[in-house]
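Numbering (this note's numbering) for the sequence shown: 267 to 1273. The structure appears below as C-alpha cells.
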Amino acid sequence: MPAFRPRFHLLLLTIALPLLACAVPHPQAPHLLADYAHTAWNGQRGAPADVVQFTQTPDGWLWLSSPNGLFRFDGVDFQRMDSVEGHRVRATSPLGLLTTRDGRLWVGDRFGGISVFGAGRMRMFTAAEGLPPGAVMTMTEAPDGGVWAATVGGLGYLAPGADRFRLIGDAEGLPVTFTRQVLFGRDGRQWVAVDGGVYYRDPGMPRYRRAWPYIDIMALAEAPDGTVWGSDGIDKHYRILPTAPPGNPAPRAEFGGNGALFDRAGDLWILKVDALEHRKAPYVGSAAQPQQISRATGLSGPLIQTAFEDREGNLWVGTSAGLDRLRRARLRAVPVDTAFDRPGVIADDDGAVIIGDARQPLRRYGADGSVRTVARIACRAAYRAPEGTLWVANAEARWRREPSGQFTRLPHPPHLAGRDTQAMVIDRSGRMWVSLSRVGLFLVDEGTWRKHGGLAGLPDALAMALARDGAGRIWAGYLGNRIAMIDGSRVRVFDSAAGLDLGDVQALLVDGPRIWAGGRNGLAWYDGQRWHAVTPAGRQPLRGVSGLARTGNGDLWLHGSDGITRIAAADVERLLREPGRALPYERFDALDGLVGSAEQFRPLPSLAQGSDGRLWFATASEVASIDPARIPRNPLAPSVQVLAVRSADVAYPPRDGLRLPTGSRDLQIAYTAPSLAVPERVRFRYQLEGVDERWQEAGARREAIYTNLRPGTYRFRVTAANEDGVWNDTGATLRLVVPPRFVETTWFTVLVVLAGALLLAGLYLIRVRRLTARMEDLMQERLAERERIARGLHDTLLQSVQGLIMLFDQQLRKLPVGSAERTKLEQTLDLADALMTEGRECISDLRGSGAPEELADALTQYGLVLFGERFTATIRGTPCAVCPKVRGEVLAIVREALFNASRHANASAVELIVDYRKGGLAVLVRDDGRGMTPALAAGDGRPRHFGITGMRERARAIGAACTLLSVPGAGTTVSVEIPAELAYGARRSAALFARLRQWRRSRAHVE
C-alpha cells in the first residue's frame, strides 16, 4: 500500500471533476490564467493538509476529505466535522465524497464503509449491506439516481430506494478488482476504470465491454465534445475509445498530466504533479503556449491531488499542504516577464493599447493577446490627440507616432532639458500645451516654447492634468486645489471660492458640457458656474483619484488610491439633478485582481479607455484591464445559517425554540453564508425581534452580540448578500427563549404586590389601633367625667326633686279627692314626673359607658332610692355590656315600672331581677302591692297617662317583649325580654363587621 499511495493520490485528482464539467455545454469567451485571481490556504490559515477530494452541498458548504478528518469551508473558516447534523462521523479517514441530487452527503472511508447524512438522519453502509470491501475511492450518482461506489474490492451499486449495495462483477462482464472511478457520459454511456483498463456499457446493454487502450487508467474526464480522456497516473493522457483504432496501434499519449477537469467554460485544467496547467480548445495541437500555476508561483503545496469546480464557477485545487482557489478575476492583468516601473498607458486602434515605463520599451498589446515592441522610448507621459495621433514624452523629448508607425523625436529646448513631462494637450489650432516638472506650463508653437502661452493669471505651479473641451477651451488642474480654464486669451482660475475642494488636482475628464475633476480629496464636477464635490455613500471615501472615464452606457469610472470605483449611469444622472446627494458606487480592488494602487504623480492619467470600450488601469508595477460590458457577476444568493449560540461562555446548538438558562443576560449568535467566490464581500444584516426596531447592518461581521437581555421570547433573523449585492431575503431564523428568574416572574410581582398590600394594611391597622386606643383613652376620660357629673346630678338634684315629689305626694293624699287644690297639685306632680324622666334620661346618657354591670347597677340604685329597705335586687348570669340603645330603652322601661310601683302599688316589697342569659337579657320588676285592673294593665285606665303604653312602645322599638301581669290586691309583675343578638351580641357583631369593612376598603386602596 505505501508504494501505491502516490498513484492513489493522483487518482483522486479527477474523481468529481468531469461531472461538473459536463453540466456546462457551451464554452464562453477565451480566458488566460491571468484572468484568474488565486488564493491559497495552508496550515497557517487553518486549512487541513492532504486534501484528497471535494464536494459541495446545496447549502453552499465546500466539504473536504483528508486523512486528518472531514472538514467544511464557508470561504472564511474551516470547521472539522466530527459530527454532521448531530450524528457522529464514523469515517476515521474520509476519502470519497459525493453530494447526490437530493442533497445528501456521502462520505466514504479509506478503511471501508460509507456514511450518508441528510434530513437529520445518518445511514451507514458496510460489507453487511453489500458494499464491496476496502477503501471507497470514489462515488458517482447515475442519471437514474442510483449510487455507484468504486472501492478497492470492486464496484458496488445501490439502486434507487434500495437498502443494500449489489456487487457488479463477472455476471456483468466486469472484473471484481480494484475499481477507481465511474463516469457517465453525456450520451448516457457508463465508463468504469478498474485495475487493468477501462470498461464501458451503453444504456440497455447487459454486459460491460473493454475499452481501448488496454492499459491501466487512473482517472477519467469527459470533454465538452463528448471525448473521454484517461490518465495513466504517470503524466500521460490518452483518448479512450470503445474500440481500438484500425490496425490496433500502440497507445499514444496526446497530452500530459495525472488528471483532468473540463470547466463550465469548456477549458481544460490538467493536474500535474506540481503544477496546474490551463488550456483552451483545441486542447491538442494548439500553438498557444499553455498557462500554468505551480508551487513556485503560489500553490499551497508541492503535490496536486484533486480539483473541483463549485456552483459559482470557482476552481478548487487540493494539495498535499492545503487547498487553492482560482476565481475568474474581474480585472485581467497584462502578462509580463518583468514587472512594470510606473507604466503609462495610451489607447490605440482596434482595442489595443501601448504601454511603456521608465525602463522598458514601448509595447503594443493587441486585443487578440499579441504583444510587440513598437519603440525603445522611456515613457513618463502619454497622450492621444482627438484626431488619433499618439504622443509619448519623457525628460528629454516628445515623441510623435507617424502614420507609418514610426515615432518622431521632438527634443526639448536646451534650457528645459532634464525636466520630466507631466502632461500634454493639443488646442484647437494644433498647438500643444506641455506641463514640465519644476518649471510650469508651456505653449509650444512651431518649435517656440512660451511659458503660460504668454497669458497672465495662470498659477505658477505644476499642472498635473490637461484637457480640451468641445468648445476648444484648455483646462489645467494644478497642485494646491486650483483649476485654470484657458479660453483663447482669457484665463479663469477656480479655487475653494468656486466650490473646489480636491487638494492636488490629478485628473480631468471632458463629459459633454461638464467637466469632471479628480484629486487627492476625491471627485468634483463643474456645471458651468461652480464646482460641486461628490459625496460617496457608505463609509469608504474617494481618495487620490488620478484617472477618470465615462463609458458608452453612461457609467462613470474612477481610479484612485482606494481602488477602482464604478458609479452607475442612473446614479450619475441623479447626482447631476441633485448636487450634494450621496452617491452609491461599486468598488474593485485587490479581491478583483488589482495589484497596487493608482499612480499619484506620473505618468498620469492612471486610467485609459480603449477604442473597444475596455478600461485599462495602471498602478506602480502593473497594468490591468476590465471589460465594462462583460463584468463577471455572481447571480447566486448565499444560503444563510446560524452556526452557534453562546451565553455566559457556554455554547448551545442553534435549534429553533432554544431555551437558555434562567437568568441569561448576554447572547452571542454566530452565523455565516457560504459564498465561496468573494466571501470577504458578503454582507449581513440581522434583527433580534423584541430588541431591535430595525435591521442592523453588520457588514462582513459574522456575529451578533447582545447584552442586558430581559426575559422573554425572541426571534433572531439574519440575511446576507453576495459580492454583487444579490440578497437572500429569506435568510435564517432562530427562535429562542430567555426564562425569567423567580424574582422576574409574574407570580413574584403578584406576591410582592400582595405583600406590599398586606404591609400597608398592617401599618394601617396599627395606626388605626393606636388612634383607637388614644380615642378610647380620651373617651374613658370623658365618660368618667360624665359619670361624675351624672352621679352629682343624681345624688343631689334628682334625689332632692324625688324627695320633694314624695313629700308633695304625701300632702296630696291629705286633700279631698276632686278638690281644686288636689287637682292642681296632681298636675304639678305630673310635670315633676316628666321632669324626673327627662333628668333620668340625661343622666343615663351621661353614664352610658357600656360597662357590663352598668345596667344592673343603675336599676339597683334607682330602686333603692325609691323604696329603700323594701327593695331587693337579684343579678343572674354573667353581666355583659348591653348595646347603648337597648340599655337606654330598658332603663326607661324598668324605671317607669319601678316609679309606678312606688306611686300606685303601696307595696311592702319590690323585687328586681336582672338575668344575663345566653339567649338574651331578661329584666323583671315584681311588687306585692294592690295591683291594677285589667283596663289599667292594658294602658287604657287613666286619661293623659301613657306610662304603660310608653313602656310597650319602647320595647317594640328595640325588638323586645314587654309583659305586664297584675291581679287586683295581689301585686304587679313587669318583665322585659330582649334576644341576645339585640341585647349584647349585636354590639359585637356590629363592631366585627365594621372592622371587616375597614380592612376591605384599605386592601382595595392598596391594590
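For every residue, glycine included, the Cβ atom is placed at its ideal position computed from N, Cα and C. Please read all numbers here as calculations on a predicted model, not as lab measurements.
The shortest CA-to-CA distance from W665 to any of Y631, I612, A773 and V944 is the one to I612.
Annotated as proximal: G813 and S872, with beta-carbon spacing under 9 Å. Around the beta carbon of H681, a 10 Å sphere encloses fewer than 16 other beta carbons of the protein chains shown; the residue is thus reported as exposed. Taken in chain order, the complete beta strand (DSSP E) segments of 3 residues or longer contained in the segment 1183-1236 are 1186-1193 and 1227-1233. Taking one beta carbon from each stretch, the segment 924-941 and the segment 334-350 have 3 or more pairs nearer than 8 Å; the two touch.
Here A1175 is not near T1238, since their CB atoms are 9 Å or more apart. W961 sits in coil when the DSSP states are folded into three classes, being neither helix nor strand. The beta strand (DSSP E) runs lying completely inside the segment 770-805 and spanning 3 residues or more are 771-777, 780-785, 788-792 and 797-799, given in chain order. In the three-state DSSP reduction, G499 falls in the coil class, being neither helix nor strand. A distance below 9 Å separates the beta carbons of S930 and A914. Contact between the segment 967-979 and the segment 365-373 is absent: fewer than three C-beta pairs spanning the two stretches fall below 8 Å. DSSP, read as helix, strand or coil, puts W327 in coil.
Taking a C-beta distance under 9 Å as the contact criterion, V1240 and A1226 do not qualify as a contact pair. When secondary structure is reduced to three states using DSSP, K546 falls in the coil class, being assigned neither helix nor strand. Annotation: D590 to R832 spans about 29 Å, alpha carbon to alpha carbon. Each of D623, I1159 and G1235 was checked against the Cα of H1170, and the nearest Cα belongs to G1235.
Three or more pairs of CB atoms, one per stretch, sit closer than 8 Å, so the segment 1121-1129 contacts the segment 1178-1195.
Between the beta-carbon of R816 and that of L822 there is about 6 Å, and that keeps the pair under the 8 Å contact cut.
Taken atom to atom, the span from the alpha-carbon of S381 to that of V355 is near 7 Å. Secondary structure of H825 (DSSP, three-state): strand. Going by C-alpha positions, E1092 is about 7 Å away from L1078.
Non-local C-beta neighbours of D614 in its own chain, meaning closer than 6 Å and more than five positions away in sequence, comprise I620, ordered along the chain. R596 places its beta carbon less than 9 Å from that of F854. By the criterion of a C-beta distance shorter than 8 Å, S863 is surrounded in its chain by G810, G826, S827, D828, G829, T885 and A886, once the five residues flanking it on both sides are discounted. Counting of Cβ neighbours within 10 angstroms places R467 among the buried residues, the total reaching 16 or more. For Y1128, the secondary structure class from DSSP, reduced to helix, strand or coil, is helix. Using a Cβ distance threshold of 9 Å, G378 and P399 count as a contacting pair. Here the segment 1033-1050 does not lie against the segment 957-974, with fewer than 3 beta-carbon pairs under 8 Å apart. DSSP places R338 inside the beta strand (DSSP E), whose first and last residues are G335 to F339. When Cβ pairs closer than 8 Å are counted between the two stretches, the segment 362-371 is seen to touch the segment 396-415, the count reaching three or more. For G362, the enclosing beta strand (DSSP E) starts and ends at P360 to T365.
Under the 8 Å Cβ criterion, the segment 993-1012 does not count as touching the segment 963-972, having fewer than three qualifying pairs. Annotated three-state conformation of D753 is strand, per DSSP.
DSSP lists R951 as the bridge partner or partners of T985.
A distance of 9 Å or more separates the beta carbons of L565 and W535. Close CB contacts of P898 within its chain, under the 7 Å cut and outside five residues either way in sequence, are with R594 and R596 (chain order).
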